[in-house]
Structure formats: structure tokens, C-alpha cells
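Peer 1: Residue numbers (the working numbering): 3 to 181.
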Amino acid sequence: SVKVNAIVFFRVVDAEKAIIQVENFLVATSQLAQTTLRAVLGKHELDEMLAERERLNLDVQQILDAQTDSWGIKVTNVEIKHIDLNENMVRAIARQAEAERERRAKVIHAEGERQAAEALKDAAEMLSREPAAMQLRYLQTLTQVAGDKSSTLVFPVPVDLIGQLFNQRENRAAPVKGE
Numbered sequence: 003s004v005k006v007n008a009i010v011f012f013r014v015v016d017a018e019k020a021i022i023q024v025e026n027f028l029v030a031t032s033q034l035a036q037t038t039l040r041a042v043l044g045k046h047e048l049d050e051m052l053a054e055r056e057r058l059n060l061d062v063q064q065i066l067d068a069q070t071d072s073w074g075i076k077v078t079n080v081e082i083k084h085i086d087l088n089e090n091m092v093r094a095i096a097r098q099a100e101a102e103r104e105r106r107a108k109v110i111h112a113e114g115e116r117q118a119a120e121a122l123k124d125a126a127e128m129l130s131r132e133p134a135a136m137q138l139r140y141l142q143t144l145t146q147v148a149g150d151k152s153s154t155l156v157f158p159v160p161v162d163l164i165g166q167l168f169n170q171r172e173n174r175a176a177p178v179k180g181e
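#1: Of the residues Ser32, Val10, Val4 and Lys76, which one's Cα is nearest the Cα of alanine 17?
#2: Out of curiosity, what's the CA-to-CA distance linking glutamate 184 and alanine 20?
#3: Can you look up histidine 46 in the DSSP assignment and give me helix, strand or coil?
#4: What is the DSSP secondary structure of glutamate 89, reduced to helix, strand or coil?
#5: Does valine 147 come out as helix, strand or coil in the three-state DSSP assignment?
#6: Considering Cα atoms alone, identify which of Val6, Arg105 and Gln23 is closest to alanine 14.
#7: Taking just the CA atoms, how far does glutamate 54 sit from valine 92?
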């Protein structure tokens with residue numbers, strides 16, 4: 003449950019109406035203010051009550067002023083002073099806020115993952131279009147591996163490169179005809 007404390011400022015602008023139109027204008031105005039406050043606040047979520055207090059004050063004031071006009075009463079101001087929440091409401095609000103923070107964090111993380119995947123896709127496309135870029139990346143990887151302090155270093159060599167080396171070796175070893 004929610005407890006709301008409010009103050010209503012009003013003045014009597016027509017004493018005759020205030021006495022004749024209503025039995026006790028003080029009690030009537032107070033009761034009308036309570037029911038109007040319940041009705042107006044009941045239409046809003048708790049976070050709206052906390053965030054938009056000025057607008058709610060004005061809404062209650064306008065309703066009260068219109069209804070007390072025939073009594074010779076002018077409502078000049080309404081101030082919602084305190085909105086007190088019980089312990090269960092406070093815990094529920096805290097859980098809701100935590101869930102909202104987690105949701106935002108997940109959205110941000112997912113967006114980062116999407117951007118990283120997009121960058122990897124772009125890099126893969128660029129490397130597939132440019133063989134020289136792939137060779138450069140290969141050399142960068144070898145440099146990084148060589149920088150590690152491991153005792154054994156294995157260099158993967160493409161099969162076509164090994165084939166070219168054997169062909170060159172055979173060409174050098176073969177005697178040239180005509181000599």
C-alpha cells in the first residue's frame with residue numbers, strides 16, 4: 003500500500019455560499035480533497051507519482067477548484083508532500099530497477115557482440131578478396147608466435163609452397179642439355 007500526505011490551500015471567496023451551499027465547508031473540502039487525491043493517484047503508476055508530482059498537484063487542484071466553486075471556495079494550491087511506501091513495495095521497486103539494469107546491460111552486450119561479428123565478417127571478406135592481405139596476416143601471426151617464449155616453434159607451410167620448392171630443387175639438380 004501507498005500512503006500519501008498532501009496539503010490543500012484554499013480560501014473562501016463567497017462566505018454566503020460557503021455557509022448555505024454546504025453544511026461544513028472545512029470538512030467537505032477536506033473529504034473532497036481526499037477522494038480526489040485517491041482518484042487521481044489511482045490512475046497512475048507509482049513511478050509516475052514519484053516523477054510527475056507537479057503535474058499531479060495541478061490536476062488535483064483543478065478538479066478541486068472546479069468542484070468547490072459552487073461552495074464559494076477557491077482552491078489555490080495542492081502540494082503532495084510525502085509518498086510513503088511499505089517495505090514490500092520498496093523491495094519490489096528495487097527488484098524492478100535491478101531487472102531493468104540487467105536488461106539494459108544484456109542489450110548493450112548483445113549490441114557489442116553484433117558489432118564484433120560484423121567486424122569479423124568484414125575482415126574475412128577483405129582477406130578473401132586480397133591474397134596479399136592474407137599473407138600479411140600469416141606473417142603477423144608468425145611474428146606473434148615467435149615472440150612467445152616457447153621452446154618449440156612449428157611453422158605451417160602451405161602445400162603449394164612445398165611443391166614449388168621441390169620443383170625448383172629438381173630443376174637445379176637436372177643437367178642442362180646441350181652442355
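Just so it is clear, CB atoms sit at the ideal spot from N, CA and C, and this is done for glycine as well.
Peer 2: Reading from the atomic positions:
#1: The residue given as residue 17 occupies position 15 in the sequence shown. Per the Cα distances, Lys76.
#2: Residue 184 falls outside the range modelled here, since the chain spans only 3 to 181, and no answer is possible.
#3: Translated into the one-based positions of the sequence shown, residue 46 becomes position 44. Coil.
#4: The count along the sequence shown starts at 1 and reaches residue 89 at position 87. The answer is helix: DSSP assigns glutamate 89 an H, G or I state.
#5: Translated into positions along the sequence shown, residue 147 becomes position 145. Of the three classes helix, strand and coil, the one that applies to valine 147 here is helix, per DSSP.
#6: Your numbering for residue 14 matches position 12 in the sequence shown. According to the sequence displayed, residue 14 carries valine and not alanine. Closest option to valine 14, Cα to Cα, is Gln23.
#7: Residue mapping note: residue 92 aligns to position 90 of the sequence shown, counting from 1. Residue mapping note: residue 54 aligns to position 52 of the sequence shown, counting from 1. Each residue's alpha carbon lies about 19 Å from the other.
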